[in-house]
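J.: After the structure tokens below, expect a handful of questions from me.
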Amino acid sequence: MTRQLSARAAATAACLSLAIATLATPDVARACGGFFTAGEDGVETATVDQTGENLIYALNGDSVEVHIQVRYDPNTDATSFAWVVPLLAVPSFSVGSEPLFDNVLSGSAPSYQLESRSVLCEDEGETDTGGSSQVGSSGTGDTGGPVGPEILHRETVGVYDIVVLSDGDAASLMQWLGDNGYEQDPAAEPILAEYLAEGYLFAAFKLTRGVEVDQLHPVVLTYETGEACVPIRLTRIAAAEDLDIRTFFLADTRVAPTNYRHVEINPLAIDWLNLDDIAESYKTVISEAVDEPGAEGHAFVTEYAGPSSVIDTSGIYRETWDASALEGADPATAVDVLMSQAVLSCEPPDTCEFRHPLIEGLLGQFIPVPAGVTPGQFYSCLSCYEALIDDAAWDSVAFAAAYEERIVEPGARARALLDTWPYLTRMYTTISPDEMLVDPIFHPSASLPDFDVTRSATRDFNCDFSSVVTLADGREVYIGPDGRWPTFGGEMPRAQRVATVPAAGAPITLVDNTARINELLEAWNKEAAERGAFDSQSGCGCDVAARPTGALLLGVLGLCLARRRRVGA
3 MTRQLSARAA ATAACLSLAI ATLATPDVAR ACGGFFTAGE DGVETATVDQ TGENLIYALN
63 GDSVEVHIQV RYDPNTDATS FAWVVPLLAV PSFSVGSEPL FDNVLSGSAP SYQLESRSVL
123 CEDEGETDTG GSSQVGSSGT GDTGGPVGPE ILHRETVGVY DIVVLSDGDA ASLMQWLGDN
183 GYEQDPAAEP ILAEYLAEGY LFAAFKLTRG VEVDQLHPVV LTYETGEACV PIRLTRIAAA
243 EDLDIRTFFL ADTRVAPTNY RHVEINPLAI DWLNLDDIAE SYKTVISEAV DEPGAEGHAF
303 VTEYAGPSSV IDTSGIYRET WDASALEGAD PATAVDVLMS QAVLSCEPPD TCEFRHPLIE
363 GLLGQFIPVP AGVTPGQFYS CLSCYEALID DAAWDSVAFA AAYEERIVEP GARARALLDT
423 WPYLTRMYTT ISPDEMLVDP IFHPSASLPD FDVTRSATRD FNCDFSSVVT LADGREVYIG
483 PDGRWPTFGG EMPRAQRVAT VPAAGAPITL VDNTARINEL LEAWNKEAAE RGAFDSQSGC
543 GCDVAARPTG ALLLGVLGLC LARRRRVGA
């Protein structure tokens, strides 16, 4: 029995759907979680989890270009792929760049930094506690069923056979999809009917003959007119609870949601003392914030807004990439050419580094790895396995054309995109199936300010290991010697503000929780003082007599005095 690949993906307006793939393999379109590396200077840095569904839009006046990342989990046994996307017009289709997504994600990922500082105690020198981490024509067939829809457009783009369909009813559309090898979910029929009633067309994708699911790549849809829109209604037939959606906008200015709310996150809702768990806790905070009153499950948060220069362009495109050098080559020569163009690096007897995410799949299509041999062994020494090379699969002209279409052209286009658009907006939300009733739309909003990728705070330790965490806005949180972030009685709002952003003018605040947040913070700090968590004796038992430097002595006394004053306030 064939198992279908779930590819959650999305597209734009005229509108297209975030994910309408048939699901027989759950949670296939997923990436791995965060990672950690050591840091310096007592600064702990944690980058939020980046799994989920990712879309990149380029807004050029009335035209809209959307790049859709289509991924699969190699740990599943999925062997086929199908995807249906609602459209309001027929776009142009092209292959997208996977390295573009990699670099946009890493360059704009929000991070949380906590700098820890200690006073001088007993005979100790001044220390920094904590390290640094980063988490980082109709083909209906002779079935006797209903008449199939009209085919408006058909082409093969990269590894996808694409057809754009119109007219007909939902039943005939479902029948056509099934008869023509486009896997579909029966639960989609009533939602397809909704889109048909609203005048939508549908693009259906499946893998072209001779390719496997490990060769999936991003796809680009370009419209001459339209708005940036993500119809998500079809997504609900297979989506998990709190599905992650990230949208990236390359434009001249910042972009905001039109018909969804915009939420500012309360920084006190973040556990600043447990940043190694930020990948999970950050999503929880966002999910709860967008579900709070005023947002009602239909809201986005801005994770970054500023110069697109934060995106590293390395690896996206190289001037040395030249498909013509592959024409007429034999398999061994082709591998040498790829190495010379820095998309592949191999060292006999068994090591190969695939420096572009599509290279291994492309090689596997035209120079398949024989059974019992690893890719590293095979491609690092093709002459060692000359008798096992599948000559029937090799076609140098077709290989060169595929290399041009899937790697060279998408890379050049992606690099030009970053060179053209000076501003990047990154927004994020989570949404559950019962909330997928309204398709989010976005618009440029020049009135909004930049939003930094880094959120920072400092933690000043006392000699009894109690501490004070100071947020970037100046608010202070008293932390006891146990080093636990306060729960604020479970009453602390996750959203600081909820607003709508009009096409022109400043945001309109719907909910402002600032007063309530400050009230809860003040109550916590007062309670901490009453518990003696910041006793002036134990909290600042500093041996300053042994410190000969006047300026240093004054600094230590000043810190102790400041602590006493805060407790007594």
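This note's numbering applies: residue 3 is where the sequence shown begins, and numbers increase by one. The beta carbon of each residue, even a glycine, is placed where N, CA and C say it ideally should be.
Just to confirm the assignment: which complete alpha helix (DSSP H) runs, minimum length 4, are found wholly within the stretch 237-266?
T.: The stretch 237-266 contains no whole alpha helix (DSSP H) run of 4 or more residues.
J.: With distances taken Cα to Cα, identify the nearest neighbour of L270 among A459, N56, A60 and V503.
T.: Mapped onto the sequence shown, residue 270 falls at position 268. It is A459 whose Cα lies nearest to the Cα of L270.
J.: Between the C-alpha atoms of F38 and D279, what's the straight-line distance to the nearest angstrom?
T.: Taking the first residue of the sequence shown as 1, we reach residue 38 at position 36. Taking the first residue of the sequence shown as 1, we reach residue 279 at position 277. Unreliable placement is indicated for F38, whose pLDDT of 20 sits below 50; no coordinate value is reported for it.
J.: Quick one: give me the first and last residue of the beta strand (DSSP E) that A281 is part of.
T.: What you label residue 281 is simply residue 279 of the sequence shown in a count that begins at 1. Counting along the chain, A281 falls outside any beta strand (DSSP E), though it belongs to the alpha helix (DSSP H) covering I280 to V292.
J.: With a floor of 3 residues, list each beta strand (DSSP E) that falls wholly inside the stretch 336-369, ordered by position along the chain.
T.: 346-349 and 353-356
J.: Tell me whether the beta-carbon of A331 lies closer than 8 Å to the beta-carbon of S398.
T.: Residue numbering aside, residue 331 sits at position 329 when the sequence shown is read from its first letter. Residue numbering aside, residue 398 sits at position 396 when the sequence shown is read from its first letter. In this structure, S398 lies closer than 8 Å to A331 by Cβ.
J.: Could you round the C-beta distance between A508 and H264 to whole angstroms and report it? I think they count as a contact, below 8 Å.
T.: Here residue 508 refers to the residue found at position 506 when the sequence shown is read from its first residue. Here residue 264 refers to the residue found at position 262 when the sequence shown is read from its first residue. With 8 Å as the limit, A508 and H264 do not qualify as a contact, their Cβ atoms being about 12 Å apart.
J.: Tell me the DSSP bridge mates of P88?
T.: On the sequence shown, residue 88 is found 86 positions in, with the first residue counted as 1. F204.
J.: Just the Cα atoms here: how many angstroms apart are C231 and A389?
T.: By 1-based counting over the sequence shown, the position of residue 231 is 229. By 1-based counting over the sequence shown, the position of residue 389 is 387. Each residue's alpha carbon lies about 53 Å from the other.
J.: At the level of alpha carbons, what is the spacing between E305 and A395?
T.: For the purposes of this step, residue 305 is taken as the residue at position 303 of the sequence shown. For the purposes of this step, residue 395 is taken as the residue at position 393 of the sequence shown. Using only the alpha carbons, I get a separation of about 46 Å.
J.: Out of curiosity, what's the CA-to-CA distance linking V292 and T431?
T.: Here residue 292 corresponds to residue number 290 of the sequence shown, with the count starting at 1. Here residue 431 corresponds to residue number 429 of the sequence shown, with the count starting at 1. Those two C-alpha atoms are separated by around 7 Å.
J.: How about L420 and S310: are their beta carbons less than 8 Å apart?
T.: What you label residue 420 is simply residue 418 of the sequence shown in a count that begins at 1. What you label residue 310 is simply residue 308 of the sequence shown in a count that begins at 1. Yes.
J.: With T422 and R256 assumed to form a contact (beta carbons below 8 Å), what rounded beta-carbon distance in angstroms separates them?
T.: Here residue 422 refers to the residue found at position 420 when the sequence shown is read from its first residue. Here residue 256 refers to the residue found at position 254 when the sequence shown is read from its first residue. Not a contact, Cβ separation roughly 17 Å.
J.: For C465, count neighbouring C-beta atoms within 10 Å of its own C-beta (all shown protein chains included) and say buried if the count is 16 or more, exposed if not.
T.: Translated into the one-based positions of the sequence shown, residue 465 becomes position 463. Buried, because 16 or more other Cβ atoms sit within 10 Å of the Cβ of C465.
J.: Contact defined as beta carbons within less than 8 Å: I believe L236 pairs with A190. What is the distance between those atoms, to the nearest angstrom?
T.: As a first step, residue 236 must be located in the sequence shown, where it is residue number 234. As a first step, residue 190 must be located in the sequence shown, where it is residue number 188. That pair is a contact at about 6 Å.
J.: Would you say the stretch 321-329 touches the stretch 401-414, given that touching needs at least three Cβ pairs under 8 Å?
T.: yes
J.: Taking only the alpha-carbon atoms, compute the straight-line gap between E266 and H300 and give it to the nearest angstrom.
T.: The residue you call residue 266 lines up with position 264 of the sequence shown. The residue you call residue 300 lines up with position 298 of the sequence shown. About 14 Å.
J.: Using only the alpha-carbon positions, how far apart do T101 and G378 sit?
T.: The count along the sequence shown starts at 1 and reaches residue 101 at position 99. The count along the sequence shown starts at 1 and reaches residue 378 at position 376. Sequence check: residue 101 is Pro here, not Thr. Each residue's Cα considered, the two are about 22 Å apart.
J.: Out of curiosity, what's the CA-to-CA distance linking V86 and A531?
T.: On the sequence shown, position 84 is the one that residue 86 refers to. On the sequence shown, position 529 is the one that residue 531 refers to. So the two alpha carbons sit approximately 59 Å from each other.
J.: Determine, for Y387, whether the minimum Cβ-Cβ distance to residues of chain C falls below 8 Å.
T.: As a matter of chain content, chain C is missing from the structure shown, which is built from one protein chain.
J.: So what's M176 in DSSP terms, helix, strand or just coil?
T.: Counted from its first residue, the sequence shown places residue 176 at position 174. Helix, per DSSP.
J.: By the DSSP assignment, the alpha helix (DSSP H) with A531 in it spans what residues?
T.: Translated into positions along the sequence shown, residue 531 becomes position 529. Segment T516 to E532, the alpha helix (DSSP H) holding A531.
J.: Output the boundary residues of the beta strand (DSSP E) element that contains I433.
T.: Here the question's residue 433 lines up with position 431 in the sequence shown. Where I433 is concerned, the enclosing beta strand (DSSP E) stretches over Y425 to I433.
J.: Just curious, the alpha helix (DSSP H) that G109 is in, first and last residue?
T.: Looking up residue 109 in the sequence shown gives position 107. E100 to S110 is the span of the alpha helix (DSSP H), which, as asked, contains G109.
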